[in-house]
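Undergrad: I am attaching a structure below and will ask some questions about it afterwards.
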Amino acid sequence: MTPNKNGYYGKFGGAYIPEMLYPNVKYLKENYLKIIQSDSFQKEFKSLLKDYVGRPSPLYFAERLSKKYDTNIYLKREDLNHTGAHKINNTIGQILLAQELGKKRIIAETGAGQHGVATATVCALMGLECIVYMGEVDIERQAPNVSRMKMLGAEVRPAKSGSRTLKDATNEAIRDWIAHPVDTHYIIGSVVGPHPYPDMVALFQSVISEEMKWQLKEHVGRETPDSIIACVGGGSNAAGAFYHYLKDDKVRLIAVEAAGLGINTGESAATSVLGSEGVIHGSRTLLMQTDDGQIIEPYSISAGLDYPGIGPLHAHLIKTGRAEVLSATDDEALQAGYLLSKIEGIIPALESAHALAALEMMRFAKDEIVVVNLSGRGDKDLATYIKHQNRFE
């Protein structure tokens with residue numbers, strides 16, 4: 001599923017940008033597909049995914065988890081990628097694109113820190129300047145990833161306004177880009193932002209479902225699962241996991257949002273339930289806002305899901321009924337994270353734990369094939385897990 005020439009998925013998408021950024025975004029829009037689809041780009045992209053990132057990531061049959069839920073559960077192990085999450089798929093692609101565009105300075109935003117680490121990693125690989133914007137709150141709760149970014153040579157700049165989380169880091173990155181439109185490429189980490197970013201990020205992440213098809217064929221003799229479950233903040237890991245199944249209505253697509261302390265508590269990030277149509281960070285989508293259009297501050301225990309909007313592709317999928325939406329609270333995600341750790345020996349990122357929490361809310365037939373996209377590993381969240389350990393042992 002691709003956007004139209006103006007970057008819309010149905011009524012969601014577009015490019016709502018300041019005038020100073022128009023030439024930059026226009027040039028990117030006119031050239032990204034031509035560059036990405038070239039043989040030389042694809043050769044280098046695939047080589048780095050294989051030899052540097054470590055792809056393909058395994059599709060693992062979680063036997064004990066399957067027994068608990070009386071079905072067949074496979075985990076797409078994006079946590080085993082270099083840097084520990086799916087984010088590296090996109091940053092590899094965008095750094096190659098930036099080089100083709102002649103950009104020498106790279107900026108990024110990050111919440112959980114995984115996109116920041118992935119961006120710092122590829123900048124170190126290519127010898128480019130790297131500046132990562134991160135909310136002060138996230139800097140504190142994701143300290144290990146901040147240290148990794150700095151060790152990789154990136155400058156981490158705190159966002160001190162608003163809720164001091166992902167939304168505010170994105171605001172700061174956009175301000176930087178406005179101030180440096182000529183020499184700077186902004187590596188957006190999710191399927192958000194002005195066109196062509198949502199499409200571009202989805203294309204780079206589509207390697208997830210591309211691999212899933214042949215891996216399922218090897219495991220179960222068919223390319224299609226019955227359900228795919230993925231967490232959604234902005235939604236890049238979900239876009240990648242859903243991508244090659246978007247037109248196959250027999251495959252259920254389950255997006256899991258962060259309910260925080262509860263959908264109606266005022267401390268939530270369940271955008272599809274609480275949101276309405278509006279513009280945020282350059283695209284028309286669903287976002288949490290007041291009646292007069294002011295952003296409502298989101299909340300989640302998971303820094304990567306702590307965002308007041310979702311990508312326009314997901315807004316379209318949800319509004320048309322192609323994707324179903326569930327929401328998991330902080331406690332439900334923590335419970336799911338501890339469960340996977342104890343019965344499969346895999347500590348998931350808190351973002352991924354939200355997707356795992358959906359298993360408790362759904363009912364499956366014994367012969368169903370369910371794929372959960374395990375978007376990242378839980379090293380970065382150990383302090384949070386430990387803080388709540390006594391409640392879930």
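Read in order, the letters of the sequence shown are residues 1 to 393 in our numbering.
By construction, the Cβ of each residue, glycine as well, lies at the ideal position given by its N, Cα and C atoms.
1. Given a threshold of 16 other Cβ atoms within 10 Å of its Cβ, counted over all protein chains shown, does arginine 391 qualify as buried or as exposed?
2. Would you report the Cα separation of aspartate 168 and glycine 221, rounded to the nearest angstrom?
3. Is the distance from the Cβ of glycine 278 to the Cβ of serine 268 below 9 Å?
4. Within a Cβ cutoff of 7 Å, which residues of the same chain sit near glutamine 142, ignoring the five residues on either side of it in sequence?
5. Is alanine 159 closer than 9 Å to cysteine 130 when the C-beta atoms are compared?
6. Let me confirm a value: methionine 361 is counted as buried when at least 16 other C-beta atoms fall within 10 Å, else exposed. Which label applies?
7. Run the CB neighbour count on isoleucine 174, radius 10 Å, all protein chains shown included, and call it buried at 16 or more, exposed below.
8. Distance check for glycine 311 and serine 190, CA to CA, integer angstroms please.
9. Apply the 10 Å Cβ neighbour rule to proline 225 and answer buried if 16 or more other Cβ atoms are within range, or exposed otherwise.
10. Quick one: measure Cβ to Cβ for serine 236 and histidine 86, integer angstroms, because I've assumed they're closer than 8 Å.
11. Quick check on methionine 134: does DSSP put it in helix, strand or coil?
12. Just list the residues that DSSP pairs tyrosine 52 with in beta bridges.
13. Using only CA atoms, which one of Ala118, Ile73, Phe12, Gly135 lies nearest to leucine 374?
14. Helix or strand or just coil, what does DSSP make of histidine 185?
15. Quick one: complete alpha helix (DSSP H) runs, 4+ long, within the stretch 15-43?
16. Which residue wins for smallest C-alpha separation from alanine 355, given the options Gly345, Phe364, Ala336?
17. Between methionine 149 and alanine 323, what straight-line distance do the alpha-carbon atoms span, to the nearest angstrom?
18. Could you check which residue in Thr271, Lys213, Lys250 has the C-alpha nearest to that of cysteine 231?
19. With C-beta atoms as the reference, is glutamate 78 less than 9 Å away from glycine 376?
20. Spatial neighbours of isoleucine 35 within its chain, please: CB distance less than 7 Å, with the 5 preceding and 5 following residues excluded, ordered by chain position.
21. Using only the alpha-carbon positions, how far apart do lysine 217 and glutamate 223 sit?
22. Would you mind giving the Cβ-Cβ distance between serine 209 and alanine 241, rounded to the nearest angstrom? I have them listed as a contact below 8 Å.
23. Is it buried or exposed, aspartate 248, if we count other Cβ atoms within 10 angstroms and call 16 or more buried?
24. I'd like to check one pair, tyrosine 307 with glycine 234: are the Cβ atoms closer than 9 Å?
25. Could you name the residues of the same chain whose beta carbon sits closer than 6 Å to that of tyrosine 338, not counting the 5 residues immediately before and after it, in chain order?
26. Could you pull the DSSP bridge partners for leucine 253 from this structure?
27. For asparagine 264, does the count of other Cβ atoms within 10 angstroms reach 16, so buried, or fall short, so exposed?
28. Quick one: grab the DSSP three-state call for tyrosine 60.
29. Would you call the stretch 324-333 in contact with the stretch 252-259, where contact means no fewer than 3 C-beta pairs closer than 8 Å?
30. Is it the case that the Cβ atoms of glycine 116 and leucine 203 are separated by a distance below 9 Å?
31. Using C-beta distances below 6 Å, list every residue in its chain close to glutamine 215, excluding the 5 sequence neighbours before and after it, in chain order.
32. By DSSP, does glutamate 155 sit in helix, in strand, or in coil?
33. Need the endpoints of the alpha helix (DSSP H) that asparagine 81 sits in, please.
34. Look at the Cβ atom of arginine 102, then the Cβ atom of serine 283, and state whether they are nearer than 9 Å.
35. Assuming valine 370 and serine 227 form a contact by the criterion Cβ under 8 Å, report the distance between their Cβ atoms to the nearest whole angstrom.
TA: Taking the coordinates as given:
1. Exposed, because fewer than 16 other Cβ atoms sit within 10 Å of the Cβ of arginine 391.
2. 46 Å
3. no
4. Ala112, Gly113, Ala303, Lys380
5. no
6. exposed
7. Isoleucine 174 is classed as buried because its beta carbon has at least 16 other beta carbons within 10 Å across all chains shown.
8. 8 Å
9. buried
10. Right, the Cβ-Cβ distance comes to about 7 Å (below 8 Å), so this counts as a contact.
11. strand
12. DSSP lists no partner for tyrosine 52.
13. Ile73
14. strand
15. 22-36
16. Out of Gly345, Phe364, Ala336, Ala336 has the C-alpha closest to the C-alpha of alanine 355.
17. 34 Å
18. Thr271
19. yes
20. Phe41, Leu97, Glu100
21. 5 Å
22. Contact flag correct, Cβ pair sits at about 6 Å.
23. exposed
24. Their beta carbons are under 9 Å apart, which means glycine 234 touches tyrosine 307 by this criterion.
25. Phe392
26. Ile228, Ala323
27. By the neighbour-count rule (16 or more Cβ atoms within 10 Å), asparagine 264 is not buried but exposed.
28. Note: tyrosine 60 maps to strand in three-state DSSP.
29. yes
30. no
31. Leu59
32. strand
33. Note, asparagine 81: premise wrong, no alpha helix (DSSP H); not H, not E.
34. Note that residue 102 corresponds to glycine in the displayed sequence, not to arginine. Going by C-beta atoms, glycine 102 is not nearer than 9 Å to serine 283.
35. 5 Å
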